[in-house]
Amino acid sequence: NPYAGLVSHLRASWLSGKTRPMEYRMAQLEALGRFLDEKKQEILEATDLDMGKPSFEAYFTEILLCKNELNVTLNNLCHWMKDEHVDKNLVTQLDSVFIRKDPYGVVLIIAPWNYPVHLILVPLIGAIAAGNCVVIKPSEISKNTERLMAEMLSCYLDNDCFAVVTGGVQEATKLLENKFDYIFFTGIPSVGRIVMTAAAKHLTPVTLELGGKNPCYVSDTCDVPNVARRVVWGRFFNAGQTCIAPDYLLCSLEMQEKLMPALRAAITEFFGPNPKESPDFGRIVADKHFQRIRALLCSGRMAIGGETDEAERYIAPTILADVLPSDPAMQEEIFGPILPIVVVANMDEAIDFINARPRPLAVYAFSCDSKVVNQVLERTSSGGFCGNDTLMQVTLTSLPFGGIGNSGLGKYHGKFTFDTFSHHRGCLHRNMGLETLNSPRYPPYTQQKLGLLTATCEVKRRGTCTLL
Amino acid sequence: NPYAGLVSHLRASWLSGKTRPMEYRMAQLEALGRFLDEKKQKILEATAADMGKPPFEVELSEILMCKNELHEALNNLSHWMKDKQVDKPLATRLDSAFIRKEPYGVVLIIAPWNYPIHLLVMPLIGAIAAGNCVVVKPSEISKNTEKLVAEVLPSYLDKDCFAVVTGGVQEANKLLDNKFDYIFYTGSPSVGRIVMTAAAKHLTPVTLELGGKNPCYVSDTCDVPNVARRVVWGRFFNAGQTCIAPDYLLCSLEMQERLLPALREAITEFYGPNPKESPDFGRIVADKHFQRIRALLCSGRVAIGGETDEAERYIAPTVLVEVQPSDPVMQEEIFGPILPIIVVANTDEAIDFINARERPLVIYAFSSDDKVVNRVLERTSSGGFCGNDTLMQVMLTSLPFGGIGNSGLGMYHGKFTFDTFSHCRGCMKRGMGRESLNAPRYPPYTQKKFGIVRATSKVTRKDDCTLL
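Chains A and B, in that order, are what the protein sequence lines are. Residues in the first sequence are numbered from 1 upward in steps of one, following UniProt numbering. Residues in the second sequence are numbered from 1 upward in steps of one, following UniProt numbering.
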């Protein structure tokens with residue numbers, strides 16, 4: 001067990017109480033902020049080398065969104081850390097009753113390669129804020145960012161309490177043999193199962209941010225050019241390598257016909273007539289992934305794009321029309337710049353299609369008719385939902401972000417990250433005296449005592465309230 | 001898979017949307033209330049037959065506490081179910097952003113034998129309130145209560161959506177082969193691992209309410225008779241078969257000498273000179289458990305009690321002194337009417353003793369000096385905490401109840417149960433128009449566009465706040 005020493009070093013630091021004071025946590029968080037400011041250029045370069053991530057996108061997702069999480073946390077940490085005093089019953093009126101937020105201890109964060117700084121830093125911020133020590137395992141697939149994080153984080157954070165472990169599947173498996181007090185994993189469902197099974201041996205609580213095929217329903221009443229732009233943006237951002245990207249479109253045959261020129265226009269507006277020459281369109285992260293995605297192109301009918309260049313790991317922004325549920329592109333999460341369109345008769349058929357499949361991380365629905373958007377929301381189940389746009393729901397620090405079923409369990413962002421990494425300890429502090437208050441509960445048991453106890457402990461049923 | 005039909009029947013009911021309306025959930029909850037009222041006598045008889053549970057204790061722990069939880073849910077359900085609107089940055093100011101609480105689907109509740117109604121009904125209330133369909137698996141060890149629940153509960157609840165499954169380990173394993181959308185388990189840590197491992201195969205989220213050895217520290221400055229009564233009450237309630245009972249005492253040698261006569265007196269005050277004849281003292285649930293607990297008596301020296309009667313599964317309220325950490329009674333959760341006392345020099349030694357062991361469900365600390373109570377609270381980690389009393393922290397519906405580390409993961413009671421069985425879906429609804437608001441995010445990327453994106457979506461750092 002090559003990591004036993006590291007884990008026990010961090011555990012000793014945690015038991016020493018070093019991470020408990022608010023000032024300590026704020027200082028570590030401020031240091032993370034300096035990392036984002038001072039190493040901005042290095043982050044842009046590393047993510048560009050890893051997957052040709054345009055610097056605008058890297059700046060937005062890897063820097064700005066992380067600074068937002070940092071600022072929400074720094075702005076509110078003292079409030080979040082406070083004991084939360086709660087309602088008391090009659091018998092505890094004179095007592096102190098509160099919820100204390102305790103750290104779990106030594107936590108593990110495993111991050112993927114597609115937003116390699118963001119998907120480390122956003123959980124890390126909450127883990128630090130909650131007072132934990134943290135082991136971070138970046139993805140070896142985004143190897144330039146992996147190297148950057150391994151070298152840089154140890155310069156900015158307290159090495160007694162925070163460590164980066166690098167490596168591949170073998171190293172991750174050995175790491176998981178150790179006992180952690182919380183495990184936060186972002187990645188694919190099959191590995192999520194492995195992580196949760198490993199966690200079960202130690203009864204370690206987990207958050208699993210996984211994936212799936214996010215459906216995007218477009219109704220017949222909508223502003224076609226706007227829908228096209230919003231869908232194209234969401235699908236081709238980071239060359240499609242986004243867990244919340246719209247994975248496939250559901251619409252009627254007529255809508256498919258109306259959308260096609262609008263999608264073409266949007267792609268040209270964004271990436272020019274030859275997207276391969278656009279500085280604003282990314283590349284696939286590695287050869288294996290490129291080959292997997294390319295194999296999906298033989299699905300339905302190639303309507304837009306379809307060009308590939310293996311040397312550059314370039315796949316053009318592609319739209320596939322008339323795709324069947326049995327086609328390759330519909331068998332797995334695409335995680336690339338391909339948007340299949342599956343034709344359905346109407347909204348009900350779209351909802352049935354969605355409900356017949358594993359629950360995704362996000363469901364998207366476009367309609368000018370808010371009743372249609374609401375129907376899709378109400379009759380489906382997913383991690384999150386966005387009506388009339390894509391991706392935007394995760395840019396709010398006030399909305400919880402997480403999956404359900406195959407797309408994951410747990411949630412984070414903003415205060416939800418702090419809560420994820422905190423144990424909510426129910427506390428009651430009573431008086432040493434006032435023993436007469438307690439006598440009704442003691443044997444010898446009598447009816448009179450029971451009456452007194454009931455009166456001082458019961459929660460009464462109030463008059464019925466109406467759902468406004 | 002003998003339960004496949006049952007689970008798919010419940011899943012079909014859930015997909016039909018039957019459990020979604022508030023009125024439906026309220027009706028099922030009201031029916032549960034009628035079960036507790038109309039079948040109270042049968043509940044008293046079954047639990048008396050199972051473990052000699054005194055009717056007073058049943059009224060308090062099995063009926064009153066469940067009615068409290070029920071009233072809490074009925075009083076607040078419409079409020080809990082409402083969409084929660086959240087803060088929005090400038091870029092989404094005109095949109096709708098909210099958290100919607102949704103059911104998971106078909107959930108499984110596995111209950112233990114020691115509070116067989118309470119530990120089944122309490123989670124069931126939250127599961128129903130959150131809109132789920134539920135499979136309930138009572139414990140076969142409390143066989144009279146199991147029979148009562150299996151025969152009577154279904155006549156109160158909608159059989160399309162709620163089912164009781166009976167049986168032992170084999171049946172539980174076969175049940176766990178099925179895919180559930182949430183599993184709520186109360187029981188031992190070793191079986192908790194099995195449940196979580198089974199859940200991992202389906203990526204099913206879990207709450208595990210487990211156990212451990214709950215330490216009870218008594219400082220040198222306290223009201224000895226009061227402490228004795230409160231500890232005796234907590235330890236011998238339900239003949240010690242309580243997951244949150246004080247498992248062992250930590251105190252100085254002088255305090256031990258002062259406590260012993262007070263403990264003796266409290267035991268006599270509660271149960272008379274011969275507790276075997278008291279109607280207010282319970283019995284061990286089964287022969288195997290009786291034998292396990294009896295074997296722990298050869299630890300240290302019996303200072304009070306120690307008598308046993310195998311035919312009745314009676315173990316006298318017992319206090320052991322001169323107990324060593326290596327003794328049998330300190331190797332496992334006692335879950336019986338035995339209280340070992342371990343001598344420590346001072347508070348710091350008590351804290352070190354506690355921290356060298358698995359994190360328990362609850363820690364108790366008695367002291368007239370608030371600073372001592374606070375020091376124990378701050379320097380230890382446990383599911384919950386109570387200063388200057390035992391058990392009472394779980395009587396409050398406003399405090400979360402759950403373990404940490406070996407004592408469990410997740411929490412419930414009151415709104416926390418509703419939240420446990422609800423998926424928090426982050427939702428956003430945008431306008432179909434106002435496309436100019438989105439234009440800055442689209443390629444071709446420019447510095448100017450980025451400036452606008454940053455200005456409309458960033459979270460600014462506020463001035464420093466101080467921890468009051």
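No residue lacks a Cβ here, since even glycine has one placed at the ideal position from N, Cα and C.
* **Assigned secondary structure, D369/A (DSSP; H/G/I helix, E/B strand, else coil)** => coil
* To do: Just the C-alpha distance for N114/B and G426/A, rounded to the nearest angstrom, thanks.
  => 22 Å
* May I ask you to report which of helix, strand or coil DSSP gives V344/B? => coil
* Of all Cβ atoms in chain A, is any one closer than 8 Å to the Cβ of N406/B? -> yes
* Asked: Given T68/B, which residues of its chain have a CB within under 7 Å of its CB, disregarding the five upstream and five downstream residues?
  -> Before going further, note that residue 68/B is Asn rather than Thr in the sequence given. Taken in chain order, the residues that qualify are T397.
* Assuming K429/B and G387/A form a contact by the criterion Cβ under 8 Å, report the distance between their Cβ atoms to the nearest whole angstrom. => 4 Å
* Please list, in chain order, all residues of the same chain as P103/A whose beta carbon is under 6 Å from its beta carbon, the five residues on each side excluded. => A130, G131 and N132
* Using 8 Å as the limit for Cβ to Cβ distance, is N238/B near chain A? -> no
* Can you give me the start and stop residues for the beta strand (DSSP E) that T460/B sits inside? => Run containing T460/B: none; DSSP gives neither H nor E here.
* Asked: Could one say the Cβ of D223/A lies closer than 8 Å to chain B's Cβ atoms, at least one of them?
  -> yes
* Asked: Does F401/B have its Cβ less than 8 Å from a Cβ in chain A?
  -> yes
* To do: Following the continuous beta strand (DSSP E) through G426/A, name the residue where it begins and the one where it ends.
  => S422 to H429
* Asked: Cβ of M81/A versus every heavy atom of the ligand ZN: is any distance shorter than 7 Å?
  -> The ligand content of the structure shown is nil, which means the ligand ZN is not present either.
* Residues near L453/A in its chain [Cβ-Cβ closer than 7 Å; skip 5 each side] -> P440 and R441
* Nearest CA to the CA of D87/A: which residue from L409/B, G414/B, A455/B and T456/B? -> G414/B
* To do: Can you grab the Cα-Cα spacing for the pair A27/A / T308/A, in whole Å?
  => 47 Å
* Asked: With DSSP run on the structure shown, which of helix, strand or coil describes G414/A?
  -> coil
* Can you pull the chain A residues whose beta carbon is under 9 Å from the beta carbon of I99/B, in chain order? => S398, L399 and P400
* **Beta-ladder partner(s) of F366/B, from DSSP** => V218/B
* Return no unless some Cβ of chain B is closer than 8 Å to the Cβ of Y442/A. => yes
* To do: Starting from the beta carbon of A228/B, find every residue of chain A whose beta carbon is closer than 8 Å, and list them in chain order.
  => Simply none; closest approach about 11 Å.
* Which of helix, strand or coil does DSSP assign to H423/B? -> strand
* Asked: Starting from Y185/B and walking both ways along the beta strand (DSSP E), at which residues does that stretch end?
  -> Y182 to T186
* To do: Show which residues of chain B have a CB atom less than 9 Å away from the CB atom of N238/A.
  => Simply none; closest approach about 12 Å.
* Interface partners of H9/B on chain A, CB under 8 Å -> Within 8 Å Cβ-Cβ: nothing; H9/B doesn't reach chain A, min ~17 Å.
* Asked: Under a three-way DSSP split, which group does H9/B fall into?
  -> helix
* In chain B, which residues lie with their C-beta within 7 Å of the C-beta of P54/A? -> Y445
* C-alpha gap between residue 543/A and Y24/A, whole angstroms -> What the structure shows of chain A is the stretch from 1 to 468, and residue 543/A is not part of that stretch, so it cannot be assessed.
* Which runs of the beta strand (DSSP E) fall wholly inside the stretch 234–270 of chain B and span at least 3 residues, in chain order? -> 248–251
* Where does M428/B fall in DSSP's three states? -> strand
* Give the DSSP-derived three-state secondary structure of L468/B in the structure shown. => At L468/B the pLDDT is 47, less than 50, meaning the model places this residue with poor confidence; the figure from the coordinates comes in the next sentence. L468/B: coil per DSSP, three-state reduction.
* Asked: Can you list, in chain order, the residues of its chain whose CB lies under 6 Å from that of Q241/A, leaving out five sequence neighbours each side?
  -> N114 and F335
* To do: Return the residues of the stretch 242–258 of chain A that lie within a Cβ-Cβ distance of less than 7 Å from chain B, sorted by chain order.
  => none
* Residues of chain C with CB under 7 Å from V459/B, in chain order? -> Absence of chain C from the displayed structure is noted, the protein chains being A and B.
* To do: Return the first residue and the last residue of the alpha helix (DSSP H) that S55/A is part of.
  => S55 to A58
* Please confirm if the stretch 1–13 of chain B is in contact with the stretch 173–186 of chain B, defined as three or more CB-CB distances below 8 Å between the two stretches. => yes
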